[in-house]
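Undergrad: Residue numbering for the sequence shown follows the working numbering, starting at 3 and increasing by one per position. Idealized CB from N, CA, C, for every residue including glycine.
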Amino acid sequence: MKPRTLFEKIWEAHVVSQQPDAPAILYIDRQYLHEVTSPQAFAGLRERGLPARRPDRAFATVDHSIPTLFVPSGDRLSVADDASKTQIRQLEKNCADFGIPCYDHNSPDQGIVHVIGPEKGLTQPGMTIVCGDSHTSTHGAFGSLAFGIGTSEILQVLATQCLLQRKPKTMLVKIEGKLPAGISAKDIILALIAQIGIGGATGHVIEYGGEAIQMLNMDERMTICNMSIECGARAGMIAPDEVTFDYLKGREYAPSGSAWDAALAAWRQLPSDPGAQYDREVVLNATSLQPMVTFGTNPGMGIPVTASVPHPDKLENESQRAALQKALAYMGLQPGQPIAGQKVDVVFIGSCTNGRITDLRAAAEVLRGRKVADGLTVLVVPGSRAVLRQAEQEGLDRVFIEAGAQWRDAGCSMCIAMNGDMIQPGQYAISTSNRNFEGRQGKGGRTLLASPATAAASAVNGYVTDPREIL
Ligand SMILES: CC(C)[C@H](C(=O)O)[C@@H](O)C(=O)O
Ligand code: SF4
Numbered sequence: 003m004k005p006r007t008l009f010e011k012i013w014e015a016h017v018v019s020q021q022p023d024a025p026a027i028l029y030i031d032r033q034y035l036h037e038v039t040s041p042q043a044f045a046g047l048r049e050r051g052l053p054a055r056r057p058d059r060a061f062a063t064v065d066h067s068i069p070t071l072f073v074p075s076g077d078r079l080s081v082a083d084d085a086s087k088t089q090i091r092q093l094e095k096n097c098a099d100f101g102i103p104c105y106d107h108n109s110p111d112q113g114i115v116h117v118i119g120p121e122k123g124l125t126q127p128g129m130t131i132v133c134g135d136s137h138t139s140t141h142g143a144f145g146s147l148a149f150g151i152g153t154s155e156i157l158q159v160l161a162t163q164c165l166l167q168r169k170p171k172t173m174l175v176k177i178e179g180k181l182p183a184g185i186s187a188k189d190i191i192l193a194l195i196a197q198i199g200i201g202g203a204t205g206h207v208i209e210y211g212g213e214a215i216q217m218l219n220m221d222e223r224m225t226i227c228n229m230s231i232e233c234g235a236r237a238g239m240i241a242p243d244e245v246t247f248d249y250l251k252g253r254e255y256a257p258s259g260s261a262w263d264a265a266l267a268a269w270r271q272l273p274s275d276p277g278a279q280y281d282r283e284v285v286l287n288a289t290s291l292q293p294m295v296t297f298g299t300n301p302g303m304g305i306p307v308t309a310s311v312p313h314p315d316k317l318e319n320e321s322q323r324a325a326l327q328k329a330l331a332y333m334g335l336q337p338g339q340p341i342a343g344q345k346v347d348v349v350f351i352g353s354c355t356n357g358r359i360t361d362l363r364a365a366a367e368v369l370r371g372r373k374v375a376d377g378l379t380v381l382v383v384p385g386s387r388a389v390l391r392q393a394e395q396e397g398l399d400r401v402f403i404e405a406g407a408q409w410r411d412a413g414c415s416m417c418i419a420m421n422g423d424m425i426q427p428g429q430y431a432i433s434t435s436n437r438n439f440e441g442r443q444g445k446g447g448r449t450l451l452a453s454p455a456t457a458a459a460s461a462v463n464g465y466v467t468d469p470r471e472i473l
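#1: Taking all protein chains shown into account, decide if R270 is buried (16 or more other Cβ within 10 angstroms of its Cβ) or exposed.
#2: For A24, which of Q167, G145, L450, A60 has the nearest alpha-carbon?
#3: Taking C-beta to C-beta, are R32 and R59 nearer than 9 Å?
#4: Using only the heavy atoms of ligand 1, determine whether one of them is closer than 8 Å to the beta carbon of R236.
#5: Please go through the segment 129-205 and give each complete beta strand (DSSP E) segment of 3 or more residues, from N-terminal end onward.
#6: For P306, list the residues DSSP reports as bridge partners.
#7: In whole angstroms, what is the alpha-carbon distance linking L381 and L165?
#8: Confirm the yes/no value for this check: CB of N2, any heavy atom of ligand 2, distance under 8 Å.
#9: Over the uninterrupted alpha helix (DSSP H) stretch that includes F350, give me the two end residues.
#10: How is the beta strand (DSSP E) around L381 delimited, first residue to last?
#11: Mind checking who Y465 pairs with in its DSSP beta bridge?
#12: According to DSSP, which residues form a beta bridge with C104?
#13: Among the residues of its own chain, which have a CB less than 6 Å from the CB of G444, if the five just before and after it don't count?
#14: So, do the segment 5-18 and the segment 112-126 have three or more beta carbon pairs nearer to each other than 8 Å?
#15: Say the cut is 8 Å; is the CB of I418 nearer than that to a heavy atom of ligand 1?
#16: Tell whether a beta-carbon distance below 9 Å holds between G46 and S154.
#17: Which whole-angstrom value is the C-beta distance of T140 and M224, which I expect to be below 8 Å?
#18: Roughly how many angstroms lie between the CA atoms of V17 and I191, to the nearest whole one?
#19: Sort A143, L160, R48 by Cα distance to I151 and report the nearest one.
#20: Going by beta carbon distance, what residues of the same chain come within less than 7 Å of P170, once the five residues before and after it are set aside?
#21: Give the C-beta separation of D83 and G422 to the nearest angstrom, bearing in mind that I take them to be a contact with Cβ-Cβ under 8 Å.
#22: Could you check what DSSP says for E482 in three-state terms: helix, strand or coil?
#23: For T162, I'd like the list of residues in its chain whose CB is within less than 8 Å of its CB, leaving aside the five on either flank, ordered along the chain.
#24: Any idea which residues DSSP pairs R448 with across the strands?
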C-alpha cells in the first residue's frame with residue numbers, strides 16, 4: 003500500500019462519501035461549542051424542528067465572555083455585562099434543551115474550550131474534531147484532525163454529525179535539533195510564522211515533526227498547533243507517541259481497561275508511514291532559536307528579543323513596505339529601535355495558547371521572589387478551572403499575588419477583551435496569547451506577543467526583557 007501521512011489516514015477513515023469535484027462528506031467525532039459562535043446554529047435546529055444528531059458527541063463551555071474576577075458571592079455572572087450574560091445563559095439553555103453536556107459558568111471544570119477538551123480526555127488521536135473557533139487547531143497536538151468551522155457548519159454538524167469539506171493539501175514542518183535552554187514552544191511557532199508569513203501555510207494541514215517537536219510535552223505541542231492558524235494553515239498536527247498516551251491515560255473520557263488497549267493499538271498505527279509524501283516541506287533549526295517577540299499587528303511580524311524593529315525602507319515590495327509602515331505607526335514603534343527595552347503597561351499571561359499549567363509554572367519561575375514593576379497591570383488567567391486548582395495546589399497563585407500580579411478565574415479574558423478585561427487606547431501589553439491585531443486587546447491597544455517566560459521577565463522590569471537575563 004502507498005505510504006500515507008497521519009492526515010491522510012484520519013481523512014480516509016472519516017470520509018463517508020466523496021463525489022467527483024465535490025467536497026467530501028466527513029464524519030465528525032467531536033464538536034466543541036462555545037457561547038460566541040453557536041447561537042444561530044441552535045436557532046437553525048429549532049427553525050427546522052431538528053434534534054441534535056449526536057448530543058453525546060458535542061461538548062460545550064463558556065469562555066470568551068465570562069468575567070474572570072473572583073466575586074465574593076461566587077456568582078460570576080453578577081459582574082458580567084448584559085450582552086455577555088445573555089450569550090452565556092443562551093448557550094447554557096441551548097445545551098439543556100438539546101441534551102448537550104455543558105461546562106457552564108458554575109462548573110468546576112469550566113475553561114477555555116481548547117484547554118478543557120484535552121484535559122478531560124475528550125480530544126484523542128485519530129479523531130476528527132471541529133469547533134466554531136479558529137484555534138481548534140490546538141487539538142491536533144494529539145494526532146487528531148481538528149479545525150475551526152463557521153456557524154452554518156456548526157449547524158450542519160449538530161444536525162448530521164457530518165461536514166462538507168474539501169481535502170486540504172499537506173505540509174511537513176520539521177523542527178530539527180534540540181531547543182536551547184530558555185527557549186519555549188511559543189518561540190518556535192512565532193519564529194515559524196515570522197519565517198513563512200501569515201499566509202505561509204494557506205490551504206495546507208501542517209504536520210510538525212523533528213527532534214525538537216518529539217521532545218515537547220503535550221502543553222507545548224498544543225501551543226504550536228494552536229497557532230498554526232496564524233500562518234493560514236487549516237490545521238496543525240503532531241503524531242501521537244508515548245508522551246501523548248501518558249497524558250491521556252486515566253483522563254475522564256479516555257478509554258479504559260481493554261478499550262484503552264484497543265485504542266492504543268489503533269493509535270500506534272497513526273503516525274505517517276516512512277516515505278509518505280507531503281505537498282510541501284519546511285525546515286526550521288531549533289538550535290539557533292531566540293526568545294521571540296512581535297512588534298507589529300499580525301503574528302508574522304515577530305523578531306528575536308535581541309533584535310531591532312525592522313526598517314520599512316529596506317523592503318523591496320511596495321505593499322509590504324506600506325503594511326509595515328502602517329503597523330509601526332499603529333504600534334508607535336521606531337524602525338531600528340531594539341525591541342528589548344520597549345516599555346509595557348500591561349502583562350497578560352493566559353489564553354488557549356499559553357494558559358496551561360506548564361505555562362503558569364514557567365511564568366512563576368521568573369516571578370518567584372520578585373516584584374512586578376511599579377504601575378504595571380499584570381493579569382494571570384488560568385486556561386481552565388482545573389489548571390487554576392492545580393496552580394493553587396502548587397502555590398503558584400501565591401507567587402503571582404506576592405509579586406503584585408492579579409490572579410483570576412478561568413477564561414479567554416484579555417486575549418480577546420470580550421469579557422471586560424482590556425487595555426486602554428495607546429497602552430502596550432506583552433501577552434502570551436496568539437493575536438496582535440489592531441484593537442484585539444482593547445480599542446487602540448498595542449499587543450506584543452511572547453512566551454510566558456518573556457512576558458514574566460518583562461513584568462519584572464516594566465519593559466520587554468530577554469528572560470535569559472533574569473533566570
Ligand atoms: C470568537 C471566535 C470566533 C474567535 C476565533 O474563531 O478564533 C476567537 O476565539 C479568537 O481567538 O479570535
Ligand atoms: S483564548 Fe483567545 S484565542 Fe483562545 S479561544 Fe479564547 S479568544 Fe480565541
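TA: According to the structure data:
#1: By one-based count along the sequence shown, residue 270 stands at place 268. In this structure R270 is exposed. Its beta-carbon is surrounded by fewer than 16 other beta-carbon atoms within 10 angstroms.
#2: Along the sequence shown, one-based indexing puts residue 24 at 22. Residue Q167 holds the alpha-carbon nearest to the alpha-carbon of A24 among Q167, G145, L450, A60.
#3: Walking along the sequence shown from the start, residue 32 turns up at place 30. Walking along the sequence shown from the start, residue 59 turns up at place 57. Yes.
#4: Within the sequence shown, residue 236 is the residue found at index 234, counting from 1. No.
#5: As far as the segment 129-205 is concerned, its whole beta strand (DSSP E) runs of at least 3 residues are 130-133, 147-150, 164-167, 171-178.
#6: One-based indexing of the sequence shown puts residue 306 at position 304. According to DSSP, which records beta bridges pairwise, P306 is partnered with M294.
#7: Your numbering for residue 381 matches position 379 in the sequence shown. Your numbering for residue 165 matches position 163 in the sequence shown. For L381 and L165, the distance between alpha carbons rounds to 38 Å.
#8: Within the shown structure, residues of the chain are numbered from 3 to 473, placing residue 2 beyond reach of any answer.
#9: Position 348 of the sequence shown, counted from the first residue, corresponds to residue 350. F350 -> not in any alpha helix (DSSP H); beta strand (DSSP E) instead, spanning 348-351.
#10: Position 379 of the sequence shown holds residue 381. First-last of the beta strand (DSSP E) with L381: 379-382.
#11: For the purposes of this step, residue 465 is taken as the residue at position 463 of the sequence shown. Within the DSSP bridge table, the entry for Y465 names K345 as partners.
#12: For this step, residue 104 is matched to residue 102 along the sequence shown. Looking at the DSSP assignment, C104 forms a beta bridge with A62.
#13: The residue given as residue 444 occupies position 442 in the sequence shown. Cβ within range, chain order: A419, M424, I425.
#14: Contact fails: fewer than three Cβ-Cβ distances are below 8 Å.
#15: The count along the sequence shown starts at 1 and reaches residue 418 at position 416. Yes, the beta carbon of I418 sits closer than 8 Å to at least one heavy atom of ligand 1.
#16: What you label residue 46 is simply residue 44 of the sequence shown in a count that begins at 1. What you label residue 154 is simply residue 152 of the sequence shown in a count that begins at 1. With contacts defined by Cβ atoms closer than 9 Å, G46 and S154 form a contacting pair.
#17: Here residue 140 is taken as the residue at index 138 of the sequence shown, counted from 1. Here residue 224 is taken as the residue at index 222 of the sequence shown, counted from 1. In this structure T140 touches M224 by the C-beta definition: roughly 5 Å separates them, less than 8 Å.
#18: Here the question's residue 17 lines up with position 15 in the sequence shown. Here the question's residue 191 lines up with position 189 in the sequence shown. Rounded to whole angstroms, V17 and I191 show a C-alpha spacing of 30 Å.
#19: Within the sequence shown, numbered from 1, the residue matching residue 151 stands at position 149. For the residues A143, L160, R48, the minimum Cα distance to I151 belongs to L160.
#20: Residue mapping note: residue 170 aligns to position 168 of the sequence shown, counting from 1. Closer than 7 Å at the Cβ level, and outside the excluded window around P170, lie G205, H206, V207, R236.
#21: Residue 83 sits at position 81 when you count from the first residue of the sequence shown. Residue 422 sits at position 420 when you count from the first residue of the sequence shown. The beta carbons of D83 and G422 sit about 7 Å from each other, so the pair counts as a contact at 8 Å.
#22: No answer is possible for residue 482: the residues shown for the chain start at 3 and end at 473.
#23: Residue numbering aside, residue 162 sits at position 160 when the sequence shown is read from its first letter. R55, listed in sequence order.
#24: Along the sequence shown, read from residue 1 onward, the residue named residue 448 stands at position 446. Bridge partners of R448: Y430.
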